[in-house]
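*Asks:* I'd like to ask some things about the structure below.
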Amino acid sequence: MSSQHARTWQKEDHLDQEIQHQPKIIKKKVKVQKRWITRGEKMMYIIFAVVFLCISAYIVSFSSSVDQLNRNIESLNAQIEQQSVHNKNLALKKKELSQPERIIKIAKDNGLKIKNTQVKQASELTE
Numbered sequence: 001m002s003s004q005h006a007r008t009w010q011k012e013d014h015l016d017q018e019i020q021h022q023p024k025i026i027k028k029k030v031k032v033q034k035r036w037i038t039r040g041e042k043m044m045y046i047i048f049a050v051v052f053l054c055i056s057a058y059i060v061s062f063s064s065s066v067d068q069l070n071r072n073i074e075s076l077n078a079q080i081e082q083q084s085v086h087n088k089n090l091a092l093k094k095k096e097l098s099q100p101e102r103i104i105k106i107a108k109d110n111g112l113k114i115k116n117t118q119v120k121q122a123s124e125l126t127e
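Just so you know, UniProt numbering puts 9 at position 9 of the sequence shown, and the rest follows in order with no gaps.
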């Protein structure tokens, strides 16, 4: 057993010498920065956000102009309706004022004598 013991001692001595002869290797730990988002992804997200904001601004602007046009159209329709009612009232007033009985009454009030009690209504000339 002593020879066995000597061999193990010799192996240990040999290992100690190898360890002493080898230069010490110092391993440096390199810190790898793990990014949550890469630069390319950041650029894509920024471009997407800018495009999204531009499209949103365009949509808001477009809907605002459409709303303004609709308000103008409603205003014009209301004016047209008022003018139409006014025109109808004027047409009725014209018809009322051109009745033969009214004309005869005004003529008698002014001292005119009507010999042939036929009053003809003048019609418009259309060419």
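Note that CB positions come from ideal geometry on N, CA and C, so glycine has one too.
Where does the unbroken alpha helix (DSSP H) through K108 begin, and where does it stop?
*Replies:* Position 108 of the sequence shown, counted from the start, is the residue given in the question as residue 108. Start and end: 100-109.
*Asks:* Give the straight-line distance between the Cα atoms of L90 and L53, rounded to the nearest whole angstrom.
*Replies:* If you number the sequence shown from 1, residue 90 lands on position 90. If you number the sequence shown from 1, residue 53 lands on position 53. Distance between the alpha carbons of L90 and L53: 55 Å.
*Asks:* Q68 lies in the alpha helix (DSSP H); which residues open and close that run?
*Replies:* Against the sequence shown, residue 68 aligns to sequence position 68. 39-97 is the span of the alpha helix (DSSP H), which, as asked, contains Q68.
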